[in-house]
Amino acid sequence: MVNERRLKMWTLKKPDPVKLIIGILACDEQALAAAVEMIKAKFGECDLESPTWPFTHTQYYAKETGSTIVKKFVTIEKLILPDELAKIKIKTNKMEAKLAGKFANLSRPVNLDPGYIEPSKLVLASTKNFSHRIYIGKKIWAEVTLIFHKGRWVSFDYTFPDHKEDRYHGFFSQVREKALTQIKLKIKSEK
2 MVNERRLKMW
12 TLKKPDPVKL
22 IIGILACDEQ
32 ALAAAVEMIK
42 AKFGECDLES
52 PTWPFTHTQY
62 YAKETGSTIV
72 KKFVTIEKLI
82 LPDELAKIKI
92 KTNKMEAKLA
102 GKFANLSRPV
112 NLDPGYIEPS
122 KLVLASTKNF
132 SHRIYIGKKI
142 WAEVTLIFHK
152 GRWVSFDYTF
162 PDHKEDRYHG
172 FFSQVREKAL
182 TQIKLKIKSE
192 K
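If you read the sequence shown in this note's numbering, its first letter stands for residue 2, the second for the next number, and so on.
What follows is the structure, encoded as structure tokens:
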């Protein structure tokens with residue numbers, strides 16, 4: 002019996018699929034719409050879209066994206082595996098480059114931030130290393146931005162200020178519920 006337990010403890014498990022979510026910062030509604038269309042063409046149909054919100058938390062992006070920025074999240078219908086996040090971030094960077102200079106002569110009219118939601122957390126990809134980020138390959142890092150604990154989203158000191166807001170949490174909860182349903186169905190169909 003003891004040996005059986007040890008064998009099970011060392012058994013590697015395939016990760017469950019996760020829900021791809023992409024945050025979009027854009028200089029205006031036209032650039033936002035172009036980004037959503039590009040996302041659909043690259044990753045497949047979007048099944049959930051957040052409202053469009055004004056982004057006023059920082060002036061960090063103003064020089065590249067303009068002074069009046071809007072934000073939206075979209076999710077992709079098809080689930081992904083967590084280890085796909087690095088290559089997805091590289092693809093979204095290339096998409097940003099294609100949109101560069103096409104709107105209001107801005108160098109970065111659209112900023113795409115991919116990540117995923119699984120039942121316990123929101124993970125975001127980044128091209129920048131920091132103390133709370135883990136290298137995931139292909140010159141990309143990832144961070145757990147929020148965790149879902151006791152029925153609510155919980156942030157950290159490093160969590161982006163806008164990701165601490167209830168309006169985002171409401172949408173993330175919708176995504177989480179959809180992900181739970183999809184993951185259960187996928188696991189059941191694979192048995």
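For every residue, glycine included, the Cβ atom is placed at its ideal position computed from N, Cα and C.
(request) With a 10 Å radius around its C-beta and 16 neighbouring C-beta atoms as the bar for buried, classify N130 as buried or exposed. (result) Residue 130 sits at position 129 when you count from the first residue of the sequence shown. The residue is exposed, with fewer than 16 neighbouring Cβ atoms inside 10 Å.
(message) Output needed for M2: all residues of its chain with C-beta closer than 8 Å, excluding positions within five of it in sequence on either side, in chain order.
(response) Along the sequence shown, read from residue 1 onward, the residue named residue 2 stands at position 1. Low per-residue confidence applies at M2: pLDDT is 48, beneath 50, and the placement is therefore not dependable enough to give any value.
(request) Assuming F157 contacts R177 (C-beta within less than 8 Å), just tell me the rounded distance between them. (result) On the sequence shown, position 156 is the one that residue 157 refers to. On the sequence shown, position 176 is the one that residue 177 refers to. F157 to R177, Cβ: 18 Å. No contact.
(request) With DSSP as the reference, label K140 as helix, strand or coil. (result) Position 139 of the sequence shown, counted from the first residue, corresponds to residue 140. When secondary structure is reduced to three states using DSSP, K140 falls in the coil class, being assigned neither helix nor strand.
(message) Which residue wins for smallest C-alpha separation from F173, given the options I23, M10, K15, T12?
(response) One-based indexing of the sequence shown puts residue 173 at position 172. It is I23 whose Cα lies nearest to the Cα of F173.
(message) On the DSSP bridge list, what partners appear for E119?
(response) Translated into positions along the sequence shown, residue 119 becomes position 118. According to DSSP, E119 bridges with K122.
(message) Mapping the DSSP letters down to three states, classify F161 as helix, strand or coil.
(response) One-based indexing of the sequence shown puts residue 161 at position 160. Taken through DSSP and simplified to helix, strand or coil, F161 comes out as coil.
(request) Report all residues from its chain with a CB closer than 8 Å to the CB of N200; omit the five preceding and five following residues, and keep chain order. (result) Outside the modelled stretch of the chain, which goes from 2 to 192, sits residue 200, for which no answer is possible.
(message) As an exercise, report each continuous alpha helix (DSSP H) stretch of at least 4 residues that is fully enclosed by the segment 9 to 73, in chain order.
(response) Annotation note: the segment 9 to 73 contains the following uninterrupted alpha helix (DSSP H) runs of length 4 or greater, listed N- to C-terminal: 30 to 44, 63 to 66.
(message) For the pair the segment 36 to 52 and the segment 74 to 93, tell me if three or more CB-CB distances fall below 8 Å.
(response) Using a Cβ-Cβ distance cut-off of 8 Å, the segment 36 to 52 and the segment 74 to 93 are in contact, since at least three pairs of beta carbons, one from each stretch, lie closer than that value.
(request) Note down the Cα distance separating H133 from V124, rounded to an integer number of angstroms. (result) On the sequence shown, residue 133 is found 132 positions in, with the first residue counted as 1. On the sequence shown, residue 124 is found 123 positions in, with the first residue counted as 1. Across the structure, H133 and V124 are spaced so that their CA atoms are roughly 12 Å apart.
(request) Rank K73, M39, E65 by C-alpha distance to the C-alpha of W54 and give the top, closest one. (result) Residue mapping note: residue 54 aligns to position 53 of the sequence shown, counting from 1. Relative to W54, the option among K73, M39, E65 whose CA is nearest is K73.
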